[in-house]
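Asker:
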Amino acid sequence: MLAYERFGTGEPLVLVHGISHRRQAWYPIAEQLAEHREVILFDLPGHGESPALAADGRHVKDVLQEELIDLFFELDLHRPHIAGNSLGGRIALEAAADGLVSSATGLSPAGFWKGGHDFAYIRAHFALLQASGRLARPVAPALARPALARKLMMGSLMTHGERLTPEQVVGDLNCMVAARPALKRIFAEGSRFDSEIADEVPVTIAWGSKDRVLLPYQAERARRQLPAAEHVWLDGSGHVPMADDVAGVVDVLLRGSSHGLRPAVAHVA
1 MLAYERFGTG EPLVLVHGIS HRRQAWYPIA EQLAEHREVI LFDLPGHGES PALAADGRHV
61 KDVLQEELID LFFELDLHRP HIAGNSLGGR IALEAAADGL VSSATGLSPA GFWKGGHDFA
121 YIRAHFALLQ ASGRLARPVA PALARPALAR KLMMGSLMTH GERLTPEQVV GDLNCMVAAR
181 PALKRIFAEG SRFDSEIADE VPVTIAWGSK DRVLLPYQAE RARRQLPAAE HVWLDGSGHV
241 PMADDVAGVV DVLLRGSSHG LRPAVAHVA
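The UniProt record's numbering puts the first residue of the sequence shown at 1, with every later residue one more than the last.
1) Given this structure, state the Cα-to-Cα distance separating SER103 from ALA96, to the nearest angstrom.
2) Residues in its own chain within less than 7 Å of residue 358 by CB, not counting five upstream and five downstream?
3) With DSSP as the reference, label SER103 as helix, strand or coil.
4) Are the beta-carbon atoms belonging to GLU49 and GLY8 less than 7 Å from one another?
5) Looking at the strands, I want to know which residues DSSP matches up with ILE82.
6) For ALA206, which residues of its own chain have a beta-carbon under 6 Å away from its beta-carbon, when the five flanking residues on both sides are left out?
7) Roughly how many angstroms separate the alpha carbons of ARG90 and ALA228, rounded to a whole number?
8) Could you check if ASP172 is buried or exposed, using at least 16 other CB atoms within 10 Å of its CB as the buried criterion?
9) Is it a yes or a no for the region 235 to 248 touching the region 151 to 160, going by three-plus beta-carbon pairs under 8 Å?
10) Can you tell me which of the three DSSP states ALA162 falls into?
11) What's the C-alpha gap between SER257 and ILE82?
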């Protein structure tokens with residue numbers, strides 16, 4: 001069983017973190033969301049406190065889908081709303097394409113790069129993060145104490161890393177290093193998003209204007225591929241925007257997970 005947390009009141013909203021991250025990535029916005037939604041956070045296989053990503057010959061995409069379906073069954077969730085960041089955004093979109101959810105929101109979702117060179121850049125980015133994380137691990141608790149140091153340590157992922165506590169930064173770093181086997185396997189099967197989503201499933205795509213991992217040009221590719229979706233800019237936010245723009249991300253997730261006609265979202269691309 002995947003490690004999870006469940007709290008709040010309202011319609012269920014499942015939140016999926018990105019590759020080499022953990023469910024605590026959503027903590028900066030969780031309390032505000034919980035005032036309006038029942039929030040479900042969980043650690044992906046091979047991440048955080050969840051079991052390892054199974055290596056039994058199946059494609060990673062199929063494994064992640066089956067784990068998500070099992071989680072829905074265990075928690076008695078029938079077509080909940082879902083939102084995800086990075087890999088989690090890709091998982092959310094795939095769940096929408098498979099008819100598993102009532103709505104899907106992707107924050108810089110993976111799968112909209114141009115081709116091999118772009119994907120090589122993404123892999124190199126995470127390889128560098130892994131290498132620097134392993135080197136910094138022994139001194140990370142002391143290194144993360146000053147706010148400026150936290151901003152620099154998290155600078156490739158977010159614009160306001162100083163808003164995280166030292167404990168959060170150290171926890172994220174340890175999780176990233178421990179998730180290396182899962183990261184390697186997921187990257188080995190990396191592919192672009194090419195699934196079709198039925199028009200009746202509301203989809204929202206939001207992109208940080210300062211994303212240094214999945215570069216912002218990919219937002220335009222997502223717009224062309226998913227023209228029926230609502231497309232939103234998170235101005236000034238990085239790849240992991242939850243601490244960069246708490247109010248903006250909460251607004252996007254609440255609007256994205258609302259039934260029926262939705263009013264226009266601010267900062268539409």
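Backbone N, C-alpha and C fix where the C-beta goes; we use that ideal spot for every residue, glycine too.
None of the values given here were measured: they were computed from a predicted structure.
Answerer: Walking through what the data contain:
1) 7 Å
2) Residue 358 cannot be examined here, being either before or after the span of the chain that is shown, 1 to 269.
3) strand
4) no
5) VAL14 and ALA104
6) LEU107, VAL232, LEU234 and VAL252
7) 17 Å
8) buried
9) yes
10) Rather than Ala, the amino acid found at residue 162 in this sequence is Glu. In the structure shown, GLU162 sits in a helix (DSSP, three-state: H, G or I).
11) 8 Å
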